[in-house]
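Notes follow the structure.
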Amino acid sequence: MYLEGKYAETKDFFEKQVQAAPRNASFNQWYGNCLLETGELAKAEKYLRFASSKEIPEAYYSLGRLFYKQNRFEESVDSFGTYYDFLMSKHEEEKAMEIRKHWYQARNAARMLANCEDIQIIDSLIVDKKTFLDHIFLSEESGQFSYSGDKETVVYENQLQDKRYFSKADKDGNLSLFYQNKLQNNWSEDLALKLPTDSLDQNNYPFVLSDGLTLYFASQGHGSIGGYDLFVTAYNLNSDSYLSPKQLGMPFNSIYNDYFLAIDEYNGLGYFVSDRFLPEDKLVIYTFIPNEEITLVGSEDMNVLLARSEVRSIKDTWKKDSYASLLEQRNTNNTKKTNLQKHEFIFVINDNIVYRFFDEFENETAKGFYTQSQSLRKDISFLHDDLENERLLYSKGNTSTKNAMQASIISKENKLEGLQDNFKKMEIKARNAEIKYLRQNK
1426 MYLEGKYAET
1436 KDFFEKQVQA
1446 APRNASFNQW
1456 YGNCLLETGE
1466 LAKAEKYLRF
1476 ASSKEIPEAY
1486 YSLGRLFYKQ
1496 NRFEESVDSF
1506 GTYYDFLMSK
1516 HEEEKAMEIR
1526 KHWYQARNAA
1536 RMLANCEDIQ
1546 IIDSLIVDKK
1556 TFLDHIFLSE
1566 ESGQFSYSGD
1576 KETVVYENQL
1586 QDKRYFSKAD
1596 KDGNLSLFYQ
1606 NKLQNNWSED
1616 LALKLPTDSL
1626 DQNNYPFVLS
1636 DGLTLYFASQ
1646 GHGSIGGYDL
1656 FVTAYNLNSD
1666 SYLSPKQLGM
1676 PFNSIYNDYF
1686 LAIDEYNGLG
1696 YFVSDRFLPE
1706 DKLVIYTFIP
1716 NEEITLVGSE
1726 DMNVLLARSE
1736 VRSIKDTWKK
1746 DSYASLLEQR
1756 NTNNTKKTNL
1766 QKHEFIFVIN
1776 DNIVYRFFDE
1786 FENETAKGFY
1796 TQSQSLRKDI
1806 SFLHDDLENE
1816 RLLYSKGNTS
1826 TKNAMQASII
1836 SKENKLEGLQ
1846 DNFKKMEIKA
1856 RNAEIKYLRQ
1866 NK
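Residues in the sequence shown are numbered from 1426 upward in steps of one, following the working numbering.
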């Protein structure tokens, strides 16, 4: 029965065997694994640790899973690594490669925990999974969401109501992202988003910022640390495609399903939705204040990092500010447009002229150069983050890992330097073209 996965039915039997022979390593392993599979994690550790100390290799795999479920990711990495080394020593390469996937997942989660973002979460609300959109109120400037026919996917329509994004399943049930353009009063045919497909599948819950370029969505693709994870990408105007998606960090992502993220730029609020620590039919909506720049929790205390990554208490994230007005906006349905227009950027033309909106450009050539510069800015941001992650892994790696990563890091450093140079040149071209036009048309 145990080999058939009937752990609840065999747990009592193995408990009696351990009581009768407490030093028997195999009994400890089997009983510990039954406890793990039936959710008694804290109790399972004692027996699995004993089994591992007696050289039961499978105990390391069970410990790796147990530690992962408890967000003890560094210990999970070590346990999976030990079991992987054992399998390789026995030339069980195929099985070892499966364990390697668990090892990568745990390592990714450990990195995300160490870099947990410091965000202010001002509210949390537990709702029914099938109607969670009914509790998210965006300003008109931020677009709107609606359910698809089966309520398994959502449709996002932009603020101009001329473009909408959604997920659609193929004949095998695989979800991909699509969009439609509004042509006069009719919607175009479904058009596939040009996302890299090598590392992502089951893509769902799209949201696009008001810049029309930045796309957030959820995916179960390779690199997920558990079920759905949240990703962000940006549209590259030069290549007419999206950049490789970047996985968001904690607390936005967890080992559970993290389905949805939207940012209301005009009200200064964001929402992310998860099923962490909840029954299958429930979700929690977290309302947060988006950071203008990523700020990390910055603590080396593992208890602090775990508490913030798991959002054990939203009060732990609060500053001294009052959130009353923001909460009022959060709870207001169909928030109306404000008279205050948030600037899109700050671009200095000369000592007397500063542009804050794209429409302020008077010269079309200057507009083109500036658009290219902003596309390069997003490329730089994504490459910079990838490079920082590789440098972090390099600093913690052994000699063979460092040798394997060195060429990639150098290549990305050179590419980043080239992008930064091109970005500066493009901004200079935009500024000079606008100044020349203004002088000629005084």
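Virtual Cβ for every residue (Gly too), placed ideally from N, Cα, C.
Everything numeric in this text was worked out from a predicted model, so none of it was measured.
- The segment 1576-1589 makes contact with the segment 1603-1621: 3 or more CB pairs, one atom from each, lie closer than 8 Å.
- If you ignore the 5 residues before and after Y1508, its C-beta comes within less than 7 Å of the C-beta of P1482, Y1485, Y1486, G1489, I1524, all in its own chain and listed in chain order.
- Shown here for C1541: same chain residues with a beta carbon closer than 8 Å to its own, the five before and five after excluded, namely G1674, M1675, P1676, L1721, V1722, L1730, R1733, S1734 in chain order.
- A direct Cα-Cα distance of roughly 7 Å separates W1455 from F1439.
- Proximity to F1772 across F1632, I1834, N1661, I1853 peaks at I1853, based on C-alpha coordinates.
- For P1631, the enclosing beta strand (DSSP E) stretches over residues 1629-1633.
- For the segment 1572-1600, the continuous beta strand (DSSP E) assignments of 3+ residues that do not extend past its boundaries occur at 1579-1582, 1588-1594, in sequence order.
- Around M1851, the same chain offers F1794, Y1795, Q1797, S1798, L1801 as residues with beta carbons nearer than 8 Å, after the five sequence neighbours per side are excluded.
- For the pair L1620 and L1668, the Cα-to-Cα distance works out to about 7 Å.
- Annotation: A1433 is outside any beta strand (DSSP E); the continuous alpha helix (DSSP H) that includes it extends over 1432-1445.
- Straight-line spacing of the CA atoms in Q1569 and E1838 works out to 39 Å.
- Where D1689 is concerned, there is no enclosing alpha helix (DSSP H), although the beta strand (DSSP E) around it starts and stops at 1683-1689.
- For S1549, the uninterrupted beta strand (DSSP E) run begins and ends at 1545-1553, by DSSP.
- Leaving aside the five residues that flank S1699 on each side, the residues in its chain whose CB is nearer than 8 Å to its CB run, in chain order, S1679, Y1681, N1682, D1683, Y1684, L1708, V1709, Y1711.
- If you draw a straight line from the Cα of N1847 to the Cα of F1603, it comes to about 31 Å.
- Per DSSP, T1658 is one residue of the beta strand (DSSP E) stretching across 1654-1661.
- The continuous alpha helix (DSSP H) containing V1502 extends over residues 1498-1514.
- When the beta-carbon positions are compared, F1632 and L1686 come within less than 8 Å of each other.
- I1834 is positioned such that its CB atom lies no closer than 8 Å to that of E1813.
- Note on geometry: alpha-carbon atoms of N1777 and N1857 lie some 15 Å from one another.
- For the set A1539, F1452, T1639, the Cα lying nearest the Cα of N1496 is the one of A1539.
- For the options S1820, L1638, Y1590, N1628, the alpha carbon positioned closest to that of L1616 is the one of Y1590.
- Judged by beta-carbon spacing, T1556 lies beyond the 8 Å limit of N1629, meaning their Cβ atoms are not closer than that value.
- Of the residues assessed, P1670 falls on the buried side of the cut-off, its CB having 16 or more other CB atoms within 10 angstroms.
- By the neighbour-count criterion, in which a residue is buried when 16 or more other Cβ atoms sit within 10 angstroms of its Cβ, E1470 is buried.
- Taking a C-beta distance under 8 Å as the contact criterion, S1501 and A1521 do not qualify as a contact pair.
- Note that the C-beta distance between N1458 and F1475 is not below 8 Å.
- Looking from the CA of M1727, the closest CA among E1518, M1537, L1461 belongs to M1537.
- Measuring C-alpha to C-alpha distances from L1460 to each of E1480, Y1427, K1479 identifies Y1427 as the nearest.
- For the pair A1450 and K1479, the CB atoms are nearer than the 8 Å cut-off.
- For F1713, the enclosing beta strand (DSSP E) has its first and last residue at 1707-1714.
- Of E1614, Q1627, F1782, the smallest CA-CA separation from G1598 is found for Q1627.
- Scanning E1789, E1517, I1547 for the CA closest to the CA of K1744 turns up I1547.
- Take the alpha-carbon of F1492 and the one of L1844: they are about 41 Å apart.
- Approximately 6 Å separates the beta-carbon atoms of I1544 and T1742; this is inside 8 Å, confirming the contact.
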